[in-house]
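Working notes, beginning with the structure itself.
Residue numbers (our numbering): 55 to 411.
See the structure below:
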């Protein structure tokens, strides 16, 4: 709609000006409302895609708080502390696994890297009592094995799945040879176990450690050129090569960093458990993979990410913890972790296609 107004110009001449009314036609208003509605729906869908796992985590926790089978055991402060502390090791290993995944590489050796580090740390610190030497040993084991994985994949051009599966098998043999299938003597210094079981303002120290590691990892990946280059390699390796990125070097760096974090995870396990068992590494692998893949269904849908990994770790932990407290058979945990891995892969694929089409 428009109005015509006459005004006096310079020298008294009459000028005609057309003024467009701010009132739109009914058809235009309907189109604007439809556009706003679509925008609102899109925002809601984006929110649900990003935070559905976190919302589901909260709903499951509330359910176990009020379910008669778990209402007296699940919502206790002691159980919450156990939940936070017990999953910190899986969280650190999952973050290690996440790094090669960002470059579309798989590291199947993460569990046994952590397991070997735990066995060696427990044996070393029990004999010498030197905690600093044990820390150095755990990190060295992780760095060396991660470096070997990197060389095999990037220099010998062996498929990452095959290379790390072979490495995991070798590490399992080393663990068996070193322990004879028996847990090493556990005379862990109190200074180390205090770290694994200590509290700061009521929060487990080991959980705070996980958050610090996650924050550092997030900063490197999201706010440094190194992180952006890693994402670029994972998004399109050929394009990354064309723009001059050292793709082999970046892939190698993720394997080395993964080994380092897994070595640290083994150290944290000893500090928490006060020892190590020969088969502990095998128990880390599936939950770590499930959490890493579920991360692509949280926070940044369709992309593996740090905070999505942390949410996924505790989503699985809360679900398994509640089921255990209700008295279900232990094998149900395997159902949960295996199902979560399948669901994570499926959701990651669907959301990635949705974002790129």
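The C-beta atom is built at its ideal place from N, Cα and C for all residues, glycine as well.
According to DSSP, simplified to helix, strand and coil, what is residue i?
| i | result |
| --- | --- |
| residue 258 | strand |
| residue 299 | coil |
| residue 236 | coil |
| residue 253 | strand |
| residue 277 | helix |
| residue 361 | helix |
| residue 229 | helix |
| residue 416 | As shown, the chain starts at 55 and ends at 411. That puts residue 416 outside it, with no answer to give. |
| residue 119 | helix |
| residue 305 | helix |
| residue 316 | helix |
| residue 245 | helix |
| residue 332 | coil |
| residue 203 | helix |
| residue 159 | coil |
| residue 126 | coil |
| residue 151 | helix |
| residue 183 | coil |
| residue 378 | helix |
Counting C-beta neighbours from all protein chains within 10 Å, is the total for residue i 16 or more, i.e. buried, or is it exposed?
| i | result |
| --- | --- |
| residue 150 | buried |
| residue 401 | buried |
| residue 210 | exposed |
| residue 172 | buried |
| residue 103 | buried |
| residue 303 | exposed |
| residue 263 | buried |
| residue 317 | buried |
| residue 384 | exposed |
| residue 392 | exposed |
| residue 244 | exposed |
| residue 381 | exposed |
| residue 222 | buried |
| residue 279 | exposed |
| residue 273 | exposed |
| residue 248 | exposed |
My understanding is that residue i touches residue j, with C-beta atoms under 8 Å, so please give their C-beta distance in whole angstroms.
| i | j | result |
| --- | --- | --- |
| residue 267 | residue 275 | With 8 Å as the limit, residue 267 and residue 275 do not qualify as a contact, their Cβ atoms being about 12 Å apart. |
| residue 39 | residue 351 | What is shown of the chain runs 55 to 411, which leaves residue 39 out entirely. |
| residue 336 | residue 147 | Their Cβ separation, rounded to whole angstroms, is 12 Å, which puts residue 336 and residue 147 out of contact at 8 Å. |
| residue 394 | residue 344 | 4 Å |
| residue 180 | residue 191 | Going by Cβ atoms, the distance from residue 180 to residue 191 rounds to 12 Å, so no, they are not a contact pair. |
| residue 242 | residue 328 | 5 Å |
| residue 348 | residue 371 | Incorrect: roughly 12 Å between the Cβ atoms, too far for contact. |
| residue 154 | residue 312 | 6 Å |
| residue 321 | residue 109 | About 34 Å separates the two Cβ atoms, so there is no contact after all. |
| residue 8 | residue 332 | No answer is possible for residue 8: the residues shown for the chain start at 55 and end at 411. |
| residue 369 | residue 111 | 5 Å |
| residue 261 | residue 138 | 4 Å |
| residue 227 | residue 309 | With 8 Å as the limit, residue 227 and residue 309 do not qualify as a contact, their Cβ atoms being about 20 Å apart. |
At a threshold of 7 Å, does residue i count as lining the ligand GDP (C-beta to nearest heavy atom)?
| i | result |
| --- | --- |
| residue 398 | The ligand GDP is not part of the structure shown, which contains no ligands of any sort. |
Between the stretch 201-221 and the stretch 150-167, do three or more beta carbon pairs fall short of 8 Å?
-> yes
contact_flag[the stretch 124-137, the stretch 285-305] where n(CB pairs < 8 Å) is 3 or more = no
Segment contact flag, the stretch 104-123 with the stretch 231-240, C-beta cutoff 8 Å, min 3 pairs | no
Are at least three pairs of beta-carbons, each pair with one atom in the stretch 186-203 and one in the stretch 348-367, less than 8 Å apart?
-> no
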